[in-house]
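Before any comments, here is the structure.
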Amino acid sequence: MKENKPEVSVIITAYNEERFIGRCLRSIANQNFPGMEYEVIVVNDASTDKTSYALELFGDSIKVINNKKNIGLPASINKGIKAAKGDFLVRLDADDYVNVNYLNFLHYFLEVNTEYDAVACDYFLFDNSENWIEKCDSSQKPIGCGIMFRTKHLLDIGLYDESFKVHEDKDMRLRFEAKYKIGHLNVPLYRYRKHENNITNNDDLMSYHENELKIKHGNL
Numbered sequence: 008m009k010e011n012k013p014e015v016s017v018i019i020t021a022y023n024e025e026r027f028i029g030r031c032l033r034s035i036a037n038q039n040f041p042g043m044e045y046e047v048i049v050v051n052d053a054s055t056d057k058t059s060y061a062l063e064l065f066g067d068s069i070k071v072i073n074n075k076k077n078i079g080l081p082a083s084i085n086k087g088i089k090a091a092k093g094d095f096l097v098r099l100d101a102d103d104y105v106n107v108n109y110l111n112f113l114h115y116f117l118e119v120n121t122e123y124d125a126v127a128c129d130y131f132l133f134d135n136s137e138n139w140i141e142k143c144d145s146s147q148k149p150i151g152c153g154i155m156f157r158t159k160h161l162l163d164i165g166l167y168d169e170s171f172k173v174h175e176d177k178d179m180r181l182r183f184e185a186k187y188k189i190g191h192l193n194v195p196l197y198r199y200r201k202h203e204n205n206i207t208n209n210d211d212l213m214s215y216h217e218n219e220l221k222i223k224h225g226n227l
């Protein structure tokens, strides 16, 4: 019997996310979108906490790729993309979660607006206890997740640049928008969790890769 090909691939990368990965996976499992129409691929980047155990609780509902050593975020994302089978692809960070209509609305937008090659939704900013902080417009404050792409176009631009440990999303988006068009869905479907362990809190790392962006792309 021929295996059904998923329409959408969801890529989640995780490194020591035992606190939040369950919330993330429950939100993507509870989608208003047919289960056979999407796959969930989790790349466990050699976590040293109980992330692996948390993933086992979800059984065959997710596909897990275990890195033998820590290779970083962009390389892990690329690994997930290369394993994806869907014509559409979306990222979800392991410490974030999404609205029940996340996949449905983004997929429908691209299905009916064929002139767009990707679409970004707005998002809510939450704290560790899931208290609402603010609603954010993704066209004014873009983030790396909450964007659904046509997978073939991500492959065409060469995926993520693995030399960027942060700002990998900015680099990819600059290259993507040089050739393709990203739409904007003014609906907050993504929940971005702000906490003390966000890598964006590392000022030195952020500054270094901001400079690397300027070298690669010129003044932004």
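Heads up, the sequence shown is in the working numbering, so the first residue is 8 and it goes up one at a time. Backbone N, C-alpha and C define an ideal beta-carbon position, used for all residues, glycine too.
Rounded separation between Gly79 and Glu175 - CA only: 11 Å
At least 3 beta-carbon pairs within less than 8 Å: the stretch 76-93 vs the stretch 151-168: yes
Leu99 - partner residues in DSSP beta bridges: Partner(s): none; Leu99 has no beta bridge.
Uninterrupted alpha helix (DSSP H) stretches inside the stretch 8-47 (no shorter than 4 residues): 28-36
Gly87, enclosing alpha helix (DSSP H) - first and last residue: Where Gly87 is concerned, the enclosing alpha helix (DSSP H) stretches over Leu80 to Ala90.
Distance between Ala53 and Asn73 (C-alpha atoms, nearest Å): 7 Å
Where Val50 falls, given that 16 or more other Cβ within 10 Å makes a residue buried: buried
DSSP beta-bridge partners of Pro195: Asp129
Proximity winner among Leu64, Met43 and Val97, relative to Thr20 (alpha-carbon distances): Val97
Tyr104 in three-state terms, based on DSSP: Looking at Tyr104 - three-state DSSP - the assignment turns out to be strand.
CB contact flag (Leu99, Met155, <7 Å): In this structure, Met155 does not lie closer than 7 Å to Leu99 by Cβ.
Cβ shell of Glu122 (< 8 Å), same chain only, five flanking positions each side left out: Lys188
Contiguous alpha helix (DSSP H) assignments of at least 4 residues, all confined to the stretch 126-185: 158-163 and 175-184
Residues of its chain near Phe133, where Cβ-Cβ distance is below 8 Å and the 5 sequence neighbours each way are ignored: Trp139, Ile140, Arg198, Tyr199, Arg200 and Lys201
Nearest to Asp67 (by Cα), restricted to the options Thr55, Lys86, Gly42 and Asp103: When each option's Cα is compared against that of Asp67, the closest is Gly42.
Rounded C-alpha distance that separates Asn111 from Asp178: So the alpha carbons of these two residues sit roughly 27 Å apart.
Identity of the residue in Arg30, Glu118 and Gly87 nearest Ser136 by Cα: Arg30
Among Tyr115, Pro195, Lys172 and Ala91, nearest to Phe131 - alpha-carbon criterion: Nearest C-alpha to Phe131 among Tyr115, Pro195, Lys172 and Ala91: Pro195.
Nearest-angstrom Cα separation, counted from Ile48 out to Arg157: Rounded to the nearest angstrom, the two C-alpha atoms are 17 Å apart.
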